[in-house]
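Structure first, commentary second.
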Amino acid sequence: MSLLELHDVHTFIEQFHILEGVTVEVPQGSIVALLGRNGAGKTTTLRTVLGLNPASSGKVIFDGVDITEQKSFDIAAMGIGYVPENRQIFAELSVEENLRIAERNKGDLAGKEEMIFGLFPDLKRLIRLPGTNLSGGQQQMLAVARALVANNRLLLIDEPSEGLAPVLIEQMMEAIRALSEHTTVLLVEQNFIVASRLAQHYAIIEEGRTVKAGEMGHLVEDEETVKRYLGAA
Amino acid sequence: MTSTALAQSTGLSGWLRRRRGLLGAIALLVAFPFIISIVIDGQGLAAVVNNDLGNARFLQGLAIEIFILGIYAISYDLILGVTGILSFGHAMFFAVGAYTFGIMLKSFELAWPVALLVVLVAAVLQAILFALVLPRVHGITYALVTLGFASVFWIVIQSSDLADYAGAEVGLQGVDAPVWFLDTTNERFIFYLICLAIFFGVYVLYQHIVDSPAGRVFVAIRENEDRALMLGYNTFWFKLLVLVIASITAALAGTIHTLHQPIVTPNVAGLFWTVTALLIILIGGMGTITGALIGAAVYRLLEYYLDKWFAGAAGLLIGAAYVLLVLYVPYGIVGTWRAKSLRIKEGRDRLLKLLTGGGGKEEPAAKE
Numbered sequence: 014m015s016l017l018e019l020h021d022v023h024t025f026i027e028q029f030h031i032l033e034g035v036t037v038e039v040p041q042g043s044i045v046a047l048l049g050r051n052g053a054g055k056t057t058t059l060r061t062v063l064g065l066n067p068a069s070s071g072k073v074i075f076d077g078v079d080i081t082e083q084k085s086f087d088i089a090a091m092g093i094g095y096v097p098e099n100r101q102i103f104a105e106l107s108v109e110e111n112l113r114i115a116e117r118n119k120g121d122l123a124g125k126e127e128m129i130f131g132l133f134p135d136l137k138r139l140i141r142l143p144g145t146n147l148s149g150g151q152q153q154m155l156a157v158a159r160a161l162v163a164n165n166r167l168l169l170i171d172e173p174s175e176g177l178a179p180v181l182i183e184q185m186m187e188a189i190r191a192l193s194e195h196t197t198v199l200l201v202e203q204n205f206i207v208a209s210r211l212a213q214h215y216a217i218i219e220e221g222r223t224v225k226a227g228e229m230g231h232l233v234e235d236e237e238t239v240k241r242y243l244g245a246a
Numbered sequence: 003m004t005s006t007a008l009a010q011s012t013g014l015s016g017w018l019r020r021r022r023g024l025l026g027a028i029a030l031l032v033a034f035p036f037i038i039s040i041v042i043d044g045q046g047l048a049a050v051v052n053n054d055l056g057n058a059r060f061l062q063g064l065a066i067e068i069f070i071l072g073i074y075a076i077s078y079d080l081i082l083g084v085t086g087i088l089s090f091g092h093a094m095f096f097a098v099g100a101y102t103f104g105i106m107l108k109s110f111e112l113a114w115p116v117a118l119l120v121v122l123v124a125a126v127l128q129a130i131l132f133a134l135v136l137p138r139v140h141g142i143t144y145a146l147v148t149l150g151f152a153s154v155f156w157i158v159i160q161s162s163d164l165a166d167y168a169g170a171e172v173g174l175q176g177v178d179a180p181v182w183f184l185d186t187t188n189e190r191f192i193f194y195l196i197c198l199a200i201f202f203g204v205y206v207l208y209q210h211i212v213d214s215p216a217g218r219v220f221v222a223i224r225e226n227e228d229r230a231l232m233l234g235y236n237t238f239w240f241k242l243l244v245l246v247i248a249s250i251t252a253a254l255a256g257t258i259h260t261l262h263q264p265i266v267t268p269n270v271a272g273l274f275w276t277v278t279a280l281l282i283i284l285i286g287g288m289g290t291i292t293g294a295l296i297g298a299a300v301y302r303l304l305e306y307y308l309d310k311w312f313a314g315a316a317g318l319l320i321g322a323a324y325v326l327l328v329l330y331v332p333y334g335i336v337g338t339w340r341a342k343s344l345r346i347k348e349g350r351d352r353l354l355k356l357l358t359g360g361g362g363k364e365e366p367a368a369k370e
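Okay, here's the thing in structure tokens:
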């Protein structure tokens, strides 16, 4: 059963037609990778799910509920967390405050503390530091950790490996694998190696349209498709 | 949360320790008129209580003006510095309080608590008015719309049709103190203490607000409103809350202004009065809350003493002082102090170590 479904979604940003027919299904309990070149519309797809760039036509269904025209804060409150690209943590808030602000109910953080600090032990050590003092990798960890605080059923993660050193990419992958045991993940990832090792399913977006989707195992063996749409083999 | 990572020291002793600077400042300001009376005026302690003429009485008046400016500026800091809402109509928040309170006392002869209640209602209504346009306009456009609101109010209070109430271009005058303890002329010291209590009461309240979960959302809105939305916060309600709190606070400053000044001029609704709040928080440190209070003191004292000493050239010197402050204290007094405090502390520790004979040996750097 799919937790999230996008059916022929079209999105405009100002006068520009960015998404021209995106169809994606995210099965419950899985990791789905949205693949595609720069500017294909992957991030806009995530922002459309969240209502930040609302769809002009098509349907976005979350857990059987049509959320196409819902407000961002209502969509988030339904249990969809977002880890944007470039981290976008709150730089002037401390690590603790960055985590606390994600609480939807009092005690959310207390209940998740063990899991979060288990996945990201560095954050426990840096708990009082302002976000701006963290390194890029630590900020990325904080951004993911923040999405884990509330009881999200779906996480949208945008380019988690971007700008990270190889050793940190491994750590981030471990964390995403671990958190996928608790929640479903829709992942945007330029790094095909990372995406193929994490996700069970994929959808390729090209010029705002879904051009191919299926099981990751099949895509890994299909070198021609990988080369054609992703420029990697 | 477990005790390990996020525990905080609580209890009265912890609170007193954290607040020792504040308590010291309050004690100093309570003692201030007596110190002036003895040291400068050569009078006794009774002169302060008896409201005798002298420097002590005059400087209490100047301090009350600083308290009014501080309360007004702190409300602007919540809107602009903490939440990032750019409003150019903030003077209206102050002026509505000043005029409403004065008119209710003078023209409608209401009891002062009822007049205060009317001010409260007016403050909430104007905050709602300022919030209504929030979903449609942002940034500089919002600033211009709010400037428009304030300009309309500025024109209305000067209209001849309302001259019987608001005094047209001259302003509102002849508002008598409604009760003895609010009489700045005859009970200066009592009024001074009341203003001092309100000043620090507002400050402590604002610090609690900014440190509260809602306060973290205010900061989040300033830093990245989209992110706050994505965390599930309906940011409109938080911004409305900020405007309501700030409007009530600024209106409170306006009511004190009406009680303290013999005349409330329409200038307090003009753009310059908003710029005054902006200057104060720039001097003190935007978004720091404490900076608004310190900025108010620096602003008013600079204005008063430069005017007193240099008369005609004062305007030029004040302008030059602001330019220098912005250039050399870029985050305001409190902001720059915080930014440099670690370095200052390191220097102080090194100096102490040298003086106590512990210098020369470098301790290994503490691991994070």
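Residue numbers (our numbering), protein chains in the order written: chain X, 14 to 246; chain D, 3 to 370. In this text, a Cβ means the ideal position worked out from N, Cα and C, and glycines have one as well. Computed from a predicted structure; not experimentally measured.
1. List, in order along the chain, the chain X residues whose C-beta lies closer than 7 Å to that of Asn236(D)?
2. Helix, strand or coil, according to DSSP, for Gln160(D) in the structure here?
3. Taking only three categories from DSSP, how would you classify His210(D)?
4. Can you tell me the Cα-Cα spacing of Leu284(D) and Tyr330(D), whole angstroms?
5. List the endpoints of the continuous alpha helix (DSSP H) containing Leu252(X).
6. For the alpha helix (DSSP H) containing Pro67(X), name the first residue and the last one.
7. Where do the ends of the alpha helix (DSSP H) carrying Leu243(D) lie?
8. If you draw a straight line from the C-alpha of Ile129(X) to the C-alpha of Met154(X), how long is it?
9. Using the beta-carbon of each residue, which ones in chain X are nearer than 8 Å to Pro115(D)?
10. Applying the 10 Å Cβ sphere with the 16-neighbour rule, what's the burial state of Thr55(X)?
11. Take the Cβ of Ala9(D) as the centre, count every other Cβ of all protein chains shown within 10 Å, and call the residue buried at 16 or more, exposed below.
12. Going by Cα to Cα distance, which pick from Leu167(X), Leu161(X) and Glu110(X) is closest to Thr145(X)?
13. Report buried or exposed for His214(X), applying the criterion of at least 16 other Cβ atoms within 10 angstroms of its Cβ.
14. Could I get the ranges of all uninterrupted alpha helix (DSSP H) runs contained in the region 14-98 of chain D, with 4 residues as the minimum, in chain order?
15. Rounded to the nearest angstrom, what separates Gly173(D) and Leu261(D) at their Cα positions?
16. Along the alpha helix (DSSP H) that carries Ala89(X), what are the first and last residues, could you check?
17. Give the straight-line distance between the Cα atoms of Ile142(D) and Leu88(D), rounded to the nearest whole angstrom.
18. Any contact of the region 149-167 of chain D with the region 88-99 of chain D, i.e. 3+ C-beta pairs under 8 Å?
19. Whose Cβ in chain X lies nearer than 7 Å to the Cβ of Arg218(D)?
20. So for Asp121(X), helix, strand or coil by DSSP?
21. Per DSSP, Ser153(D) is paired with what?
22. So the beta strand (DSSP E) Lys225(X) belongs to, where does it begin and stop?
23. Return the CA-CA distance between Ile206(X) and Glu183(X), expressed in angstroms with no decimal places.
24. Excluding the 5 residues preceding and the 5 following Arg190(X) in the sequence, name in chain order all residues of the same chain whose CB lies nearer than 7 Å to its CB.
25. Which residues of chain D have a Cβ atom closer than 9 Å to the Cβ of Arg166(X), listed in chain order?
26. Is it the case that the Cβ atoms of Val41(D) and Phe191(D) are separated by a distance below 7 Å?
27. Taking 7 Å as the CB-CB limit, is Leu65(X) close to chain D?
28. What does a CB cutoff of less than 6 Å around Ile26(X) pick up in its chain, not counting 5 residues either side in sequence?
29. DSSP three-state label for Met3(D), please.
30. Determine the burial state of Asp343(D): buried for a count of at least 16 other Cβ atoms within 10 Å of its Cβ, exposed for fewer.
31. Going by C-alpha distance, which of Glu234(X), Ile93(X) and Leu59(X) is nearest Arg255(X)?
32. Evaluate Leu232(X) with the Cβ neighbour count: other Cβ atoms within 10 Å of its Cβ, from every protein chain shown; 16 or more gives buried, anything less gives exposed.
33. Rank Ile296(D), Trp114(D) and Ala117(D) by C-alpha distance to the C-alpha of Phe202(D) and give the top, closest one.
34. What are the residues that DSSP puts in a beta bridge with His23(X)?
35. Nearest-angstrom Cα distance between Ser39(D) and Val244(D)?
From the atom records:
1. Phe86
2. coil
3. helix
4. 12 Å
5. With chain X covering 14 to 246 only, the question about residue 252(X) has no answer from this structure.
6. Looking at the DSSP string, Pro67(X) is not in any alpha helix (DSSP H), and its letter there is neither H nor E.
7. Thr237 to His262
8. 10 Å
9. What Pro115(D) touches in chain X: nothing, since even the nearest Cβ is about 36 Å away.
10. Correcting the residue identity first, residue 55(X) is Lys in this sequence and not Thr. With 16 or more other Cβ atoms within 10 Å, it is buried.
11. Summary for Ala9(D): the model assigns pLDDT 48, below 50, so the residue's position carries little reliability; its value from the coordinates is reported in the next sentence. Exposed, since its Cβ has fewer than 16 Cβ neighbours within 10 Å.
12. Glu110(X)
13. buried
14. 14-20, 22-41, 48-51 and 57-78
15. 14 Å
16. Ser85 to Ala90
17. 7 Å
18. yes
19. Leu106, Glu110, Arg113 and Ile114
20. helix
21. In DSSP, Ser153(D) forms no bridge with anything.
22. Arg222 to Glu228
23. 11 Å
24. Leu211
25. Those within 9 Å of Arg166(X) in chain D number zero; the least Cβ separation is about 13 Å.
26. no
27. yes
28. Asn66
29. A caution first: Met3(D) carries a pLDDT of 43, below 50, which makes its placement in the model unreliable, though a value can still be read off. In this structure, Met3(D) counts as coil in the three-state DSSP scheme.
30. As written in the sequence, residue 343(D) is Ser, which differs from the Asp given in the question. Classification for Ser343(D): exposed.
31. With chain X represented from 14 up to 246, any question about residue 255(X) goes unanswered, as that position is not in the structure.
32. buried
33. Ile296(D)
34. Glu33(X) and Ser70(X)
35. 41 Å
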